[in-house]
Structure formats: structure tokens, C-alpha cells
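Notes follow the structure.
In the working numbering, the protein residues as written are 11 to 534.
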């Protein structure tokens with residue numbers, strides 16, 4: 011599947027109503043004034059009447075409204091924003107995380123290193139819409155999701171979607187969808203999926219999170235279960251739940267599959283304003299905006315991988331719910347086993363994590379967790395100030411961890427989903443105790459970069475040998491180059507290929523199949 015599609019390729023996709031391309035572009039039809047997702051069941055328009063746009067915001071800006079039949083806003087997000095490391099891709103990731111709602115366009119521009127005016131010109135030229143229009147489209151998408159997926163009042167939907175007023179919300183929904191909010195809600199399919207034990211400190215929601223193609227859900231849940239930090243996280247073979255600190259307060263969420271094979275998000279939030287941010291982070295954690303058809307097609311062309319790809323369709327690369335936390339977890343896990351790292355992180359959370367009594371009991375799996383305790387992962391300030399009294403191991407490693415936490419806390423080190431990949435890697439490598447493995451692993455998890463390979467990873471090399479690839483790091487790295495731009499997914503396949511009873515080596519890895527292997531940062 012081509013990463014840059016021509017007009018003819020896009021037209022063939024809409025003519026065949028190919029759902030694989032939903033969310034990757036929209037089709038605007040001049041004769042009707044509407045735009046659709048590629049799989050829309052309506053009659054295919056004439057090529058002369060068609061304009062393709064990379065985002066719904068661009069179609070909005072051009073004067074089109076969303077199709078009432080296919081609701082293109084309900085499609086999964088585009089994988090292009092992770093494939094692209096340019097300013098447009100970084101901006102889209104930050105907009106999805108709610109930066110414009112919290113900091114405005116000046117805040118977004120500052121994070122990207124541009125003036126607001128220049129950023130607006132750049133995004134308009136590249137994506138057909140400026141940051142305000144892109145943020146407005148994201149708010150409309152969130153509002154549609156809440157209208158059809160929850161029983162929240164229209165006012166609650168308006169403010170949780172990031173609108174400044176109910177009037178602005180009503181006007182936007184009418185303009186984008188061609189109908190008022192309550193009419194949009196009336197079109198939903200009523201379905202109840204609420205489960206037991208859901209806390210409600212503010213408001214509880216239950217939503218379906220769309221994804222494209224196959225989903226290796228069992229692999230995701232197994233990854234989470236092997237690395238769940240007791241007290242802050244809990245995982246089973248079919249669920250993953252955790253607490254999370256969001257901009258307006260603590261939250262709890264759970265990801266699971268429903269009877270139809272859809273990923274569902276249950277969540278309890280302190281403030282509705284954090285809902286859009288939470289949905290974005292949950293999607294990134296389970297890599298739900300990936301294009302598994304493109305990944306599997308590309309990797310499956312290699313004879314050495316064909317059988318594994320066929321056996322594991324839709325493999326995903328877990329992301330990070332919190333970038334700062336991800337770095338600390340990676341550093342704590344260096345040179346020790348997955349089990350030992352989980353134990354160390356559980357002790358760190360028990361000692362320094364803020365207790366959230368409103369979520370008491372919901373993280374218990376009946377195994378090794380306290381039935382009542384629920385905590386947030388420690389803040390960077392807490393780790394910087396008191397981590398040395400809790401962490402165990404070589405003094406230099408403890409100083410490196412607390413030093414990184416201090417740098418994150420005071421802002422001298424920034425780590426976000428919208429970072430430039432090269433600059434992020436350089437900044438991490440400049441920190442004491444952080445080497446290439448950790449910097450690249452963090453880039454894979456925090457930026458959702460699909461093209462990261464870890465040739466020095468013990469589990470990667472072990473998995474490579476198991477499938478007939480070179481076991482030597484240099485030779486393996488050279489072979490992996492042919493799988494670009496999907497080397498992160500190659501890494502995931504090799505982690506899964508590790509023989510289950512491999513003896514513990516001396517160097518680090520992030521094995522899923524063999525938690526006994528030492529780890530250089532493989533804690534999720």
C-alpha cells in the first residue's frame with residue numbers, strides 16, 4: 011500500500027469502498043457539497059466532481075459538510091501522523107492531545123518552534139487548514155463520539171469536547187454534520203456495555219474506540235499483564251486498567267473487547283475537559299490508529315517473516331499513556347528482568363505515588379494486588395526528591411533516574427508525543443545514564459514511531475535467530491533496513507518470536523514472550 015497515494019489510487023479506493031483507507035483521507039463531492047469516508051456506500055461520484063483532502067478540517071474550510079450516511083468523523087485516525095515526523099505530523103499529534111484547548115495556538119506554536127502566524131501558514135499549505143480549524147474538527151469528532159456513545163447532556167458534551175460555549179457547540183455540529191446535536195444523537199444505535207466496579211468521582215463514560223483491520227488484542231493484553239504495576243495498573247487476558255494523572259485531575263480507565271470484537275473504553279474522570287485527551291492517549295497506548303493491512307502486506311513479502319505475519323495479523327506496538335512515566339519505567343528496567351523491574355516500579359509507586367481513594371478496589375485482579383489500594387504513578391518531582399530512598403541498585407543508575415526526573419520536573423528536559431524525533435533522541439542521549447537503546451525505545455513508545463529498530467536488544471536478536479534471521483546485531487540491523495518504514499512492527503514480531511524458555515542473558519531486552527530475559531527498558 012503506497013504511503014503517498016495518487017488521485018487515481020484514491021479514486022479506486024472509493025470506487026471499491028475500501029474501508030482500509032477510512033480516516034486516511036476524505037472525499038469531497040462538489041455536486042453535493044458533502045465529504046465522505048472512502049467506504050461510504052453512496053454511489054461513487056464522477057472523478058470530475060471529486061476533490062480529496064487529507065483532513066476533514068480541510069474539507070470544512072473548503073465549505074463541505076460531513077456525510078450523514080457514512081459519518082466520516084467516526085473513522086479511526088490517520089496513521090500518517092505517526093509515519094510523518096515533520097511539523098504537520100507533530101502538530102496533529104499535539105492537537106489530538108488537546109494542546110490547543112489548553113494552551114491555545116500560541117502554545118502549540120511554541121512547542122513546535124514557530125510563530126503562530128507561520129505555523130498557520132505552514133499547516134494551511136500542507137493540510138488545507140490552520141491549527142484552529144484542525145482543533146475545531148477534532149472537537150467535532152469528540153462531540154460526535156460522545157453524542158452517540160454516552161448519555162451525557164448536550165451541555166456536558168459541549169464542554170467535555172473543548173467548546174467554549176453551548177452555542178459554539180451547537181453551531182459547529184450543525185455546520186459540520188448538517189444537523190443539530192440531538193438529531194445526531196437520535197441516529198445512534200443503543201447499546202449497553204457497562205461493567206461492574208466502575209468508579210465515578212466525576213463522570214463515567216463507556217465508548218467504542220474504532221480501529222482499522224485486524225487487531226492482535228491478545229498480544230496487547232499479554233504485554234500489559236506482564237508489565238502491570240500493582241496499585242496503578244491491573245491486567246488480565248482480556249482487560250487492561252490503570253489510573254492516570256491528566257491536566258485537570260486523576261482519572262481511571264479500562265480497555266477491553268466487547269462481544270463484537272471492538273475495543274471499548276470505560277473511564278471515570280475528575281473533569282470532563284480531560285476526556286478528549288484520555289481518548290487520544292488510550293488510542294495511542296493500544297496503537298489503534300495503525301494501518302495493519304499496510305504493515306502486514308509489507309512485512310509478509312519477506313519469506314523469513316511470511317509465516318509469522320500470517321499467524322499474527324494486526325500486531326500492534328504498545329504506546330505510552332504518559333511520556334514522562336515511560337522514560338522512568340524504561341530507565342528503571344535497564345539491565346534487570348521484566349519481573350524485577352515490575353517489582354521495583356510497584357515499590358516506587360507504593361512509596362511515592364499519590365493515593366486516589368475514589369478508585370479504591372477497581373485495580374484488583376485477585377492476584378498480587380492490594381484489594382483496596384489505588385495510586386497514581388509518582389510525579390517527576392516526587393521521584394527527583396525522594397526516589398533515591400526507594401530505588402535499589404547501583405548508585406550511578408539511581409542518580410541517573412532521579413536526575414532525569416528532576417530535568418522533566420523543572421522543564422529542562424521535555425518529552426511529548428509531538429517532539430521532533432531527532433531532537434528528542436539527542437536530548438535523551440545527553441542525559442547521564444541514557445544510551446541509544448533507551449532513547450530509541452522511548453521514541454518507539456512515546457512518538458509511536460513505526461520505524462524504530464533495536465538491533466542491540468537481546469530479545470530481538472533471540473527472536474531473529476528463531477525465525478532464521480541474522481543473530482549478530484550489525485547483520486540484523488542491515489537486514490531490517492529492508493522492512494522500512496515498519497521496523498517497529500518487525501521488532502514487535504521478533505519479541506513475540508522469542509522461545510519461551512530462553513535462559514537469561516547478560517544484556518537488556520524488552521521481551522514479551524520471555525519475561526525472564528533481562529530488560530533495558532521494556533516495561534510498558
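Glycine included, every Cβ here is placed at the ideal spot set by N, Cα and C. These numbers come from a predicted model, not from an experiment.
For residue i, three-class secondary structure by DSSP
i	result
residue 463	coil
residue 402	coil
residue 366	coil
residue 263	strand
residue 357	helix
residue 325	coil
residue 204	Low per-residue confidence applies at residue 204: pLDDT is 49, beneath 50, and the placement is therefore not dependable, though the value from the model is reported in the following sentence. In this structure, residue 204 counts as coil in the three-state DSSP scheme.
residue 306	helix
residue 377	Below a pLDDT of 50, predicted positions are generally treated as unreliable, and residue 377, at 46, falls in that range; the measurement from the model is reported next regardless. Of the three classes helix, strand and coil, the one that applies to residue 377 here is coil, per DSSP.
residue 512	In this prediction, residue 512 scores a pLDDT of 43, lower than 50, which makes its location untrustworthy; the coordinate-derived value is nonetheless stated afterwards. The answer is coil: DSSP assigns residue 512 none of H, G, I, E or B.
residue 214	strand
residue 385	strand
residue 170	helix
residue 197	coil
residue 427	coil
residue 75	strand
residue 18	helix
residue 145	helix
residue 32	strand
residue 219	strand
residue 88	coil
residue 49	coil
residue 163	coil
Inter-residue spacing [alpha-carbon to alpha-carbon] between residue i and residue j
i	j	result
residue 430	residue 86	24 Å
residue 268	residue 234	18 Å
residue 25	residue 111	37 Å
residue 65	residue 34	8 Å
residue 396	residue 417	15 Å
residue 364	residue 400	15 Å
residue 378	residue 225	The predicted position of residue 378 is uncertain, since its pLDDT is 47 and thus under 50; no value can be drawn from it.
residue 73	residue 63	12 Å
residue 485	residue 307	24 Å
residue 472	residue 482	10 Å
residue 126	residue 116	5 Å
residue 119	residue 426	14 Å
residue 351	residue 453	20 Å
residue 387	residue 295	16 Å
residue 30	residue 222	6 Å
Whether residue i touches residue j by CB criterion (9 Å)
i	j	result
residue 10	residue 137	With the chain covering 11 to 534 only, the question about residue 10 has no answer from this structure.
residue 251	residue 122	no
residue 145	residue 283	no
residue 131	residue 219	no
residue 293	residue 299	yes
residue 384	residue 370	yes
residue 149	residue 173	yes
residue 140	residue 156	no
residue 281	residue 256	yes
residue 346	residue 403	yes
residue 415	residue 448	no
residue 247	residue 231	yes
residue 237	residue 194	no
Delimiting residues of the alpha helix (DSSP H) encompassing residue i
i	result
residue 496	Careful: residue 496 lies outside any alpha helix (DSSP H) and carries neither H nor E.
residue 255	Residue 255 -> not in any alpha helix (DSSP H); beta strand (DSSP E) instead, spanning 249-256.
residue 315	313-321
residue 70	66-71
residue 128	126-137
residue 27	Looking at the DSSP string, residue 27 is not in any alpha helix (DSSP H), and its letter there is neither H nor E.
residue 231	227-237
residue 113	109-122
residue 422	Element bounds for residue 422: n/a, residue is neither H nor E.
residue 482	Run containing residue 482: none; DSSP gives neither H nor E here.
Rounded Cβ spacing between residue i and residue j (contact assumed at less than 8 Å)
i	j	result
residue 164	residue 133	Not really, about 30 Å apart at Cβ, beyond 8 Å.
residue 107	residue 389	The Cβ separation is near 19 Å, so there is no contact.
residue 406	residue 443	7 Å
residue 309	residue 162	Actually they are not in contact, since the Cβ atoms of residue 309 and residue 162 sit about 41 Å apart, beyond 8 Å.
residue 217	residue 159	4 Å
Residue span of the beta strand (DSSP E) that contains residue i, given as start and end
i	result
residue 179	Careful: residue 179 lies outside any beta strand (DSSP E), inside the alpha helix (DSSP H) at 176-187.
residue 344	344-347
residue 243	243-245
residue 276	273-279
residue 61	60-63
residue 36	36-39
residue 45	44-46
Distance cut-off 8 Å: residue i Cβ against heavy atoms of the ligand ZN
i	result
residue 411	Because no ligand of any kind appears in the structure shown, any question about the ligand ZN cannot be addressed here.
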